[in-house]
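Chemist:
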Amino acid sequence: MLNLKNSIMALKDALKSLNEAVKDLTSLHVQTFTGSLKVDIDKSNGFDELKKLIETQSASGEVKLVAESLVKFDGDSYNFITSDIQNAPPQALDIHQNAVTSGLNNRLALLELFQDLIK
Amino acid sequence: MDFTFPEYSLGTFPLQLPPEEQAGFVDSVLAGVEENGLVNIVPAGEEQAFDLRSQKIRMQTIATRLWLLGYLPQKLSGRQIEKDFRRKGKVQQAIRKFQTEAGLTVDGWVGDETWYALDALVSFESDTQVNRWFAGDTPLPVLQRAAQLRLFSLGLYDEKPDVGFREFPASGFNRFTEVVRLLRLSSQVIGPGFFPNTLGLLFNQDQLVEALAKQNSSAAGSFTVHFFGDRDEQERLVNRFVVNMAKIELWLLGFDVQIDGRDDYSVAGMESRTEVGPLDAALNQYYRDFEEGRLIRAAGQSNRITPAFFISLQKTAGTVTETSDDPEDLSREVAALLDRPGKIEQAWNYIRKRGVRLWDGLRRLWRWVKRLGEKVLGFLEENVFRAFFRYVSKSFKIVRKAVECVAESVKGYLRGFVEAGDPRLTLVHTAADFDYTILLNPAAAPPDLQFCAAAVKRQSEVFQLASRIVGFLIRLLKRILIGPAGWAQLLAELARSLGELKPLYFQLKELTGEAGPH
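As structure tokens, this is what we get:
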């Protein structure tokens, strides 16, 4: 009804789209680079395109990997910090750690939500 | 016609269905509560603001408040309001005029901003924030109207504002300043006009009660009046003021009295003018219930208003400190009183028939419970109904907001990026499974980087908090809908849950930067 039309199935639609889009909740991957892209940034290109672009330019040395974390929920984890960290922006590691924490907490929140629905 | 809950059964929670379908069931329950007007919903747009089914209770309050301030020519009945809202007639014109005169966005429908403005100007228990209603040194017309209405309510001006309102003159405050002087209600200079001290006292009902309580002449059990002119006239003025102060306070407690500005009751130490009527009955009940008969003995007679009445009120206000003066702390107690569907339907019948009265009195209910304990809830049934409605509405607002936040967060994550500042400086991309790829430009300054970190954190915290609230709602629904259950049980559970939901909501509100006092 009325303006509820858009939000009436808000929860259902959200969980449905998330369920369809989620590829892997068993591991978390966070990469933090420094540098600038050589192309105009168009957010509408979507995550995959931009991620590819960053990775391509990383391979060519135009952007550099500062830190990378791969957290696997079977207990296996991998962390990398560049040896050239002094030349990275000072808050880079904080931002990276922040993103790791956010990613882990988001997964937990989502899993708990689904658990509430499944239990 | 009495109100009955629509489609009484909500059905059972569809545990056998996949999670998305269960989520859809949760959505439909929430939509049902809104569509059937079971809670006070702030409309999201004009179309919803004029939807009769979901907005009926708000419409009554809006129309009554606009009439009180003189934007409508008459008080409209429920049927008239519905008819007028259906064709967006006089009420919409009045809303536009009010918004124009209040300096608000003029859109012709009542959202949060206009609702709170009406509340601040009309309610006895809200903070009027008088400074807000000035353009430079000039009081906005809405403040002038509100001042006239307040003076009328106190019996100190002959009429409330009407549709012919032009300007409220400074001389309109004359009787108020005279009463302040006669009863020494303030140690400050209270001049006739829109002065900060004058308005501060006029719009502070608690302060007026406190000042009256201090006027006790212990020898005679009457008010100490400092006459300085025509004694008969001044006595009439004081009598009228005291009577109407008592009416306001009794009305706020839920008694069946009218705030009409009339001088129709006796005040201790002054000429007798007692009429047997609603005020007499209300005072008697007040003395019997709230003071357990003590005041009847102390004052000697209950057919006149004595300082003891205001001392009793003031003592109650004094038992609660400002920080703990939170009417929402009673949600569990109030929900426990309304634990049967029949009782809840009775409450909704009451609520549907009330307009402006729904929104005042909760603070006083809370104070009396603090002073006398839960037994107060037994003899303030109407206030209990109001409180219940408010608690349910607030809980509902919280869970609705949480669902919206979950949906918005998910959309954000699926969009693939976090709004984390200038993307040429800080670029944060996300995947649906919450992986992050971050690109920091060496040219980014520390504030850019801090903003970026905060944005990532904020988006995640909103999602987590909102998910917790939604999880709470799902568990609640599963608990009560284990078998067929009705709307009444859902409303009772929502009211009962307010205490648990509120801390989460405050955090969520802080993160999302949502405005508004409620």
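These protein sequence lines map, in sequence, to chains A and B.
Our numbering applies: residue 47 is where the first sequence begins, and numbers increase by one.
Our numbering applies: residue 719 is where the second sequence begins, and numbers increase by one.
In this text, a Cβ means the ideal position worked out from N, Cα and C, and glycines have one as well.
Treat the numbers as computed from the prediction; the structure is a model and nothing was measured.
#1: What residues match up with residue 1203 of chain B in a beta bridge as DSSP calls it?
#2: Over the uninterrupted beta strand (DSSP E) stretch that includes residue 123 of chain A, give me the two end residues.
#3: Use the C-beta contact count for residue 933 of chain B: other C-beta atoms within 10 angstroms, 16 or more gives buried, fewer gives exposed.
#4: Taking only the alpha-carbon atoms, compute the straight-line gap between residue 875 of chain B and residue 886 of chain B and give it to the nearest angstrom.
#5: Would you list, in chain order, the members of the segment 1072-1106 of chain B that have their beta-carbon closer than 9 Å to a beta-carbon of chain A?
#6: Using a Cβ-Cβ distance under 8 Å, would residue 120 of chain A count as near chain B?
#7: Below 7 Å on C-beta distance, what does residue 148 of chain A contact in chain B?
#8: Of all Cβ atoms in chain B, is any one closer than 8 Å to the Cβ of residue 97 of chain A?
#9: Have a look at B:1182, B:1207, B:1032, B:1230 and flag the residue whose alpha-carbon is nearest the alpha-carbon of residue 1063 of chain B.
#10: Which residue wins for smallest C-alpha separation from residue 922 of chain B, given the options B:847, B:959, B:892, B:880?
#11: Under a CB-based cut-off of 8 Å, is residue 100 of chain A close to chain B?
#12: Do we get a CB-CB distance below 8 Å when we pair residue 57 of chain A with the residues of chain B?
#13: By DSSP, does residue 990 of chain B sit in helix, in strand, or in coil?
#14: Roughly how many angstroms separate the alpha carbons of residue 756 of chain B and residue 1069 of chain B, rounded to a whole number?
#15: Is the segment 1189-1198 of chain B touching the segment 1169-1180 of chain B, taking contact as three or more C-beta pairs under 8 Å?
#16: Mind checking whether residue 1199 of chain B and residue 730 of chain B have CB atoms under 8 Å apart?
#17: Please say whether residue 914 of chain B and residue 61 of chain A have beta carbons closer to each other than 8 Å?
#18: Provide the residue(s) that pair with residue 81 of chain A in DSSP beta bridges, ordered along the chain.
#19: Just to confirm the assignment, what range does the alpha helix (DSSP H) spanning residue 1241 of chain B have?
#20: List the whole-angstrom C-beta distance separating residue 1205 of chain B from residue 728 of chain B, where the pair is believed to meet the contact cut-off of C-beta under 8 Å.
#21: Rounded to a whole number of angstroms, what is the C-alpha to C-alpha distance between residue 1110 of chain B and residue 1216 of chain B?
#22: Output yes or no for whether 8 Å exceeds the beta carbon distance between residue 783 of chain B and residue 840 of chain B.
#23: How about residue 972 of chain B and residue 1051 of chain B: do their beta carbons lie closer than 8 Å?
#24: If you follow the alpha helix (DSSP H) that residue 1144 of chain B is part of, which residue opens it and which one closes it?
#25: Apart from the five residues just before and just after residue 1065 of chain B, which ones in its own chain have a Cβ nearer than 8 Å to its Cβ?
#26: For the structure I just gave you, are there three or more beta carbon pairs, one from the segment 856-863 of chain B and one from the segment 807-825 of chain B, closer than 8 Å?
#27: Give me whichever residues DSSP pairs with residue 116 of chain A in a beta bridge.
#28: Which residues, taken in chain order from the segment 1131-1155 of chain B, show a beta carbon closer than 7 Å to some beta carbon of chain A?
#29: Does the beta-carbon distance from residue 58 of chain A to residue 1130 of chain B come in below 8 Å?
#30: Which term fits residue 965 of chain B, buried or exposed, when burial requires 16 or more other beta carbons within 10 angstroms of its beta carbon?
#31: Kindly list the residues whose CB is nearer than 8 Å to the CB of residue 986 of chain B, restricted to its own chain and excluding five residues on each side of it in sequence; keep chain order.
#32: When the Cα of residue 888 of chain B is compared with those of B:1080, B:906, B:916, which residue comes out closest?
#33: So, under 8 Å CB-CB, residue 900 of chain B and residue 927 of chain B are touching, yes? Tell me the CB distance rounded to an integer number of Å.
#34: Step through the CB atoms of chain B and report whether any lies within less than 8 Å of the CB of residue 138 of chain A.
#35: What residues of chain A sit near residue 805 of chain B, judged by a beta carbon separation below 8 Å?
Modeler: Result, derived from the coordinates:
#1: For the purposes of this step, residue 1203 of chain B is taken as the residue at position 485 of the second sequence. The beta-bridge partner set that DSSP reports for residue 1203 of chain B consists of B:729.
#2: For the purposes of this step, residue 123 of chain A is taken as residue 77 along the first sequence, with counting starting at 1. Element bounds for residue 123 of chain A: 123-127.
#3: Translated into the one-based positions of the second sequence, residue 933 of chain B becomes position 215. Residue 933 of chain B comes out buried.
#4: Here residue 875 of chain B is taken as the residue at index 157 of the second sequence, counted from 1. Here residue 886 of chain B is taken as the residue at index 168 of the second sequence, counted from 1. Looking at the two C-alpha atoms, the distance is approximately 11 Å.
#5: Within the segment 1072-1106 of chain B, no residue qualifies.
#6: Working through the first sequence from its first residue, we reach residue 120 of chain A at position 74. No, residue 120 of chain A does not count as interfacial toward chain B.
#7: Translated into the one-based positions of the first sequence, residue 148 of chain A becomes position 102. Neighbours of residue 148 of chain A across chain B, judged by C-beta separation under 7 Å: 1174, 1175, 1178.
#8: Residue numbering aside, residue 97 of chain A sits at position 51 when the first sequence is read from its first letter. So yes, residue 97 of chain A belongs to the interface.
#9: Within the second sequence, the letter at position 345 stands for residue 1063 of chain B. Ranking the options by Cα distance to residue 1063 of chain B, first place goes to B:1207.
#10: By 1-based counting over the second sequence, the position of residue 922 of chain B is 204. Out of B:847, B:959, B:892, B:880, B:847 has the C-alpha closest to the C-alpha of residue 922 of chain B.
#11: Working through the first sequence from its first residue, we reach residue 100 of chain A at position 54. At least one CB of chain B lies nearer than 8 Å to the CB of residue 100 of chain A.
#12: Taking the first residue of the first sequence as position 1, residue 57 of chain A is located at position 11. Judged by the 8 Å Cβ criterion, residue 57 of chain A is in contact with chain B.
#13: Numbered from 1 along the second sequence, position 272 holds the residue referred to as residue 990 of chain B. Of the three classes helix, strand and coil, the one that applies to residue 990 of chain B here is coil, per DSSP.
#14: Against the second sequence, residue 756 of chain B aligns to sequence position 38. Against the second sequence, residue 1069 of chain B aligns to sequence position 351. Rounded to whole angstroms, residue 756 of chain B to residue 1069 of chain B spans 10 Å at the Cα level.
#15: No: the two stretches stay apart, fewer than three of their Cβ pairs being nearer than 8 Å.
#16: Residue numbering aside, residue 1199 of chain B sits at position 481 when the second sequence is read from its first letter. Residue numbering aside, residue 730 of chain B sits at position 12 when the second sequence is read from its first letter. Yes, they are a contact pair.
#17: Translated into positions along the first sequence, residue 61 of chain A becomes position 15. Translated into positions along the second sequence, residue 914 of chain B becomes position 196. For residue 61 of chain A and residue 914 of chain B, no; Cβs fall outside 8 Å.
#18: In the first sequence, counting from the first residue as 1, residue 81 of chain A sits at position 35. Paired residue(s): A:109.
#19: Because chain B is modelled from 719 through 1236, residue 1241 of chain B falls outside the range shown and cannot be assessed.
#20: If you number the second sequence from 1, residue 1205 of chain B lands on position 487. If you number the second sequence from 1, residue 728 of chain B lands on position 10. Indeed they touch by this definition, with Cβ atoms about 6 Å apart.
#21: Taking the first residue of the second sequence as 1, we reach residue 1110 of chain B at position 392. Taking the first residue of the second sequence as 1, we reach residue 1216 of chain B at position 498. Rounded to the nearest angstrom, the two C-alpha atoms are 8 Å apart.
#22: As a position in the second sequence, residue 783 of chain B is number 65, starting the count at 1. As a position in the second sequence, residue 840 of chain B is number 122, starting the count at 1. In this structure, residue 840 of chain B lies closer than 8 Å to residue 783 of chain B by Cβ.
#23: Against the second sequence, residue 972 of chain B aligns to sequence position 254. Against the second sequence, residue 1051 of chain B aligns to sequence position 333. Taking 8 Å as the cut-off, the Cβ atoms of residue 972 of chain B and residue 1051 of chain B do not count as close.
#24: Locating residue 1144 of chain B in the second sequence gives position 426, where the first residue counts as 1. Per DSSP, residue 1144 of chain B lies in no alpha helix (DSSP H) segment; the continuous beta strand (DSSP E) that holds it begins and ends at 1144-1148.
#25: By one-based count along the second sequence, residue 1065 of chain B stands at place 347. Answer for residue 1065 of chain B: 1056, 1102, 1103, 1106, 1107, listed in chain order.
#26: Three or more pairs of CB atoms, one per stretch, sit closer than 8 Å, so the segment 856-863 of chain B contacts the segment 807-825 of chain B.
#27: Position 70 of the first sequence, counted from the start, is the residue given in the question as residue 116 of chain A. In the DSSP assignment, residue 116 of chain A forms a beta bridge with A:75, A:124.
#28: Answer set for the segment 1131-1155 of chain B: 1132, 1134, 1135, 1141, 1142, 1145, 1147, 1148, 1149, 1150, 1151, 1152, 1153, 1154, 1155.
#29: In the first sequence, counting from the first residue as 1, residue 58 of chain A sits at position 12. In the second sequence, counting from the first residue as 1, residue 1130 of chain B sits at position 412. The beta carbons of residue 58 of chain A and residue 1130 of chain B sit no closer together than 8 Å.
#30: Here residue 965 of chain B refers to the residue found at position 247 of the second sequence. With a threshold of 16 other beta carbon atoms within 10 Å, residue 965 of chain B meets it and is buried.
#31: Taking the second sequence and counting its residues from 1, the one referred to as residue 986 of chain B is at position 268. The answer, listed in chain order, is 938, 939, 940, 941, 1017, 1022, 1023, 1024, 1025.
#32: Start at 1 with the first residue of the second sequence, and residue 888 of chain B comes out as number 170. Comparing Cα-Cα distances from residue 888 of chain B to each of B:1080, B:906, B:916, the minimum goes to B:916.
#33: Within the second sequence, residue 900 of chain B is the residue found at index 182, counting from 1. Within the second sequence, residue 927 of chain B is the residue found at index 209, counting from 1. For a cut-off of 8 Å, the C-beta gap from residue 900 of chain B to residue 927 of chain B is around 17 Å, too long to register as a contact.
#34: Within the first sequence, the letter at position 92 stands for residue 138 of chain A. With 8 Å as the cut-off, residue 138 of chain A counts as an interface residue toward chain B.
#35: Here residue 805 of chain B refers to the residue found at position 87 of the second sequence. Chain A residues near residue 805 of chain B: none, gap ~17 Å exceeds 8 Å.
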